[in-house]
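Residue 13 is where the sequence shown starts when you use this note's numbering, and the numbers rise one by one after that.
Glycine residues also receive a C-beta, built at the ideal position from the N, C-alpha and C atoms.
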Amino acid sequence: MPPLTRWFVKTGLVYLVAALMVGTLIAAQSVLELPFDKLKAGPAAVAALGPVYFHLLMLGWVTQLIFGVAYWLFPTYSKEKPRGSERLARATYGLLNVGLVLRVIGEPANALQPQTGWGWLLASSAILQWLAGLCFVLNTWGRIKGK
13 MPPLTRWFVK TGLVYLVAAL MVGTLIAAQS VLELPFDKLK AGPAAVAALG PVYFHLLMLG
73 WVTQLIFGVA YWLFPTYSKE KPRGSERLAR ATYGLLNVGL VLRVIGEPAN ALQPQTGWGW
133 LLASSAILQW LAGLCFVLNT WGRIKGK
């Protein structure tokens, strides 16, 4: 298994645990009516975690796993570059993860204080994640071949 595949898969596993933790917090707050007011965070703070849960699960876990396994198992590009461009693959990993971390910070911040200008963080996150997807497609396209 290539090192970059291990990075994708292990990072995905970390995001899976984080997503499940956030999902549990959201469910616990709605069912148990946890006293977040004593922690200076109300139900709105927990509700703002909904998009974070989704992004951690879908981009952090599912997308990372798909990208890592595809990088490893798709047909070779050439004998010289069996997995395509290592540089593009690393860019995919970096852009996806930086974008996801910005999203995890920006979603609740923007939901709780939209007037403070957190929207730029979400826009930056979306651009980085789009670039990650573009890098993945560019690097993988040539590996999809007929017989």
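Distance cut-off 7 angstroms: residue i Cβ against heavy atoms of the ligand ATP
| i | result |
| --- | --- |
| S97 | For the ligand ATP, the structure offers nothing, since it holds no ligand at all. |
Rounded Cβ spacing between residue i and residue j (contact assumed at less than 8 angstroms)
| i | j | result |
| --- | --- | --- |
| V34 | L77 | 18 angstroms between Cβ atoms; not a contact. |
| P126 | L61 | Not really, about 16 angstroms apart at Cβ, beyond 8 angstroms. |
| L107 | A144 | 4 angstroms |
Residue i vs residue j beta-carbon contact at 8 angstroms
| i | j | result |
| --- | --- | --- |
| F66 | F148 | no |
| L69 | V116 | no |
| Y89 | W19 | no |
| N122 | L112 | no |
| L37 | V64 | no |
| L16 | R102 | yes |
| L150 | L114 | no |
Closest residue to residue i among the options (Cα-Cα distance)
| i | options | result |
| --- | --- | --- |
| V26 | P120, L134, G72, V64 | G72 |
| M13 | A82, T75, V29 | A82 |
| T152 | P87, A30, V29, W132 | P87 |
| V74 | L146, L28, G131 | L28 |
| G24 | A40, G158, N109 | N109 |
Chain B within 8 angstroms of residue i, Cβ atoms only
| i | result |
| --- | --- |
| K22 | The chain inventory of the structure shown lacks chain B, comprising one protein chain alone. |
Contact between the segment 84-96 and the segment 127-146 (3+ Cβ pairs under 8 angstroms): The segment 84-96 vs the segment 127-146: no contact.
Whole runs of the beta strand (DSSP E) within the segment 76-133, excluding any shorter than 3 residues: Listed in chain order, nothing qualifies, since the segment 76-133 has no complete beta strand (DSSP E) run of 3 or more residues.
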